[in-house]
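S.K.:
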DNA sequence: CTTGAAACTTAGAACTATTCTAACTCCCCT
DNA sequence: AGGGGAGTTAGAATAGTTCTAAGTTTCAAG
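Protein chains in written order, with the numbering used here: chain U, 1 to 143; chain L, 1 to 143.
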């Protein structure tokens, strides 16, 4: 089953970082896998509280930090808005719709990433590349 | 003189946005032109307070907002760290040194920008592209 | 099984970057 | 001259996140 496969990922990856797989971490991870909207910590909190009313916002932050730390989740920053979280591990950029606030994943082809890296001066190496587009999606009104 | 040319830019650009050129806005803009370290609002405040002790942090934020609004300065966001400000108006990316925190401007060739835009799905258009590298600069120790 | 230690969760306080508020000042137009 | 709007100021308020301290769970070893 897909869920089990992901759970194995979870336990394994957490263990690799010296962390435990707890029910709360499972909940948070499963929620991120289910809702690919790049939710904020607060949104994850509200959503999980519906079924687990005892969970605390601090735990959501702790879980997200653990998931980011073990590499299963990536934080997404847009300007100074609340951090959003994304379980998409492929190298990708984000498009932020200025009208709706919606975020879209944009795949980054490996050759393009290589080209981007070539922009760095000699001696500089990048561990991560963050690429964000901000703009508009065509609507019926302006199409 | 360069300073005068920049001052004309300032008055003109502010006027274009219906804003006035005030001494405080001049100070903030001149400081950004002089210190190309991408300072934070707080750093600008500390630096300007040395010569203008009556200035307020709210004014720094107001001035920076005015300068951003009229297009003379660009805000730079790195993760959720305090916003930094940059008077470099050419299209460029940023390299953030994970060791020193130093930020380096990286010029973006127009053809590469065009290639990046091609990644967007049909109907999507980007007003701005933010590209940030995070990594390390070679030192004598690991060179 | 117990026991002890370390990891984890929780609620709420604390922190920090930024924005808001309300009073005051300055500048421009008539 | 004086009225109005834009700007500045200090301090209060806000919001996202992190910290703290207390309680709980997990797990290994005896």
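The C-beta atom is built at its ideal place from N, Cα and C for all residues, glycine as well.
1) Should residue 123 (chain L) be flagged as near chain U, meaning a C-beta pair shorter than 8 Å?
2) Under 8 Å, do residue 130 (chain U) and residue 83 (chain L) count as touching if we go by C-beta distance?
3) With a cut-off of 8 Å on the beta carbons, I'd call residue 66 (chain L) and residue 19 (chain L) a contact; round off their distance for me.
4) State the CB to CB distance for the pair residue 14 (chain L) and residue 70 (chain L), rounded to an integer number of angstroms; the pair is presumed to be in contact (CB under 8 Å).
5) Alpha carbon to alpha carbon, how far is residue 36 (chain U) from residue 68 (chain L)? Give it in angstroms, no decimals.
6) Which residues in chain U have a C-beta closer than 7 Å to the C-beta of residue 135 (chain L)? List them in chain order.
7) What's the call for residue 54 (chain U), buried or exposed, on a 16-neighbour Cβ count within 10 Å?
8) Quick test of the definition: if touching needs 3 or more C-beta pairs under 8 Å, does the stretch 100 to 114 of chain U touch the stretch 115 to 125 of chain L?
9) With a floor of 4 residues, list each alpha helix (DSSP H) that falls wholly inside the stretch 39 to 125 of chain U, ordered by position along the chain.
10) Under 7 Å Cβ-Cβ, which residues of chain U neighbour residue 114 (chain L)?
11) Kindly list, in the order they appear in chain U, the residues whose Cβ is closer than 8 Å to that of residue 80 (chain L).
12) List the endpoints of the continuous alpha helix (DSSP H) containing residue 25 (chain L).
13) Can you list the residues of chain L that residue 103 (chain U) reaches, using a CB-CB cut of under 9 Å?
14) Throw me the rounded Cβ distance for the residue 108 (chain U) and residue 87 (chain U) pair, which I believe falls under 8 Å.
15) Give me the Cβ distance between residue 117 (chain L) and residue 126 (chain L), rounded to the nearest whole Å; I'm assuming they're in contact under 8 Å.
16) From residue 1 (chain L) to residue 24 (chain L), what does the alpha carbon distance come to, in whole angstroms?
17) Please state if the CB of residue 64 (chain U) and the CB of residue 41 (chain U) are separated by a distance shorter than 8 Å.
18) According to DSSP, is residue 11 (chain U) part of a helix, a strand, or is it coil?
M.R.: Concretely, from the data shown:
1) Yes, its Cβ sits closer than 8 Å to a Cβ of chain U.
2) No; because the gap between Cβ atoms is not below 8 Å, this pair is not in contact.
3) Separation of the CB atoms of residue 66 (chain L) and residue 19 (chain L) is rounded to 5 Å, and the pair is thereby assigned contact status at 8 Å.
4) Confirmed, about 5 Å.
5) Residue 68 (chain L) and residue 36 (chain U) have their alpha carbons spaced roughly 33 Å apart.
6) Here the neighbours are 124, 125, 126, 127.
7) Taking a 10 Å sphere around the C-beta of residue 54 (chain U), we find fewer than 16 other C-beta atoms and assign the residue as exposed.
8) Yes, the stretch 100 to 114 of chain U touches the stretch 115 to 125 of chain L.
9) Here the runs fully enclosed are 41 to 49, 57 to 69, 110 to 117.
10) The premise fails here: residue 114 (chain L) is roughly 12 Å from chain U at the closest Cβ pair, so nothing lies under 7 Å.
11) Going along chain U in sequence order, the residues near residue 80 (chain L) (Cβ under 8 Å) are 77, 80, 83.
12) Element bounds for residue 25 (chain L): 23 to 34.
13) Going along chain L, no residue has its Cβ under 9 Å from residue 103 (chain U), so there is no contact; the nearest lies around 12 Å.
14) The Cβ separation is near 17 Å, so there is no contact.
15) Their Cβ separation, rounded to whole angstroms, is 6 Å, which keeps residue 117 (chain L) and residue 126 (chain L) in contact under 8 Å.
16) Below a pLDDT of 50, predicted positions are generally treated as unreliable, and residue 1 (chain L), at 45, falls in that range; the measurement from the model is reported next regardless. Straight through space, the alpha carbons of residue 24 (chain L) and residue 1 (chain L) are spaced by roughly 21 Å.
17) Contact: yes.
18) Residue state, collapsed to three classes: helix.
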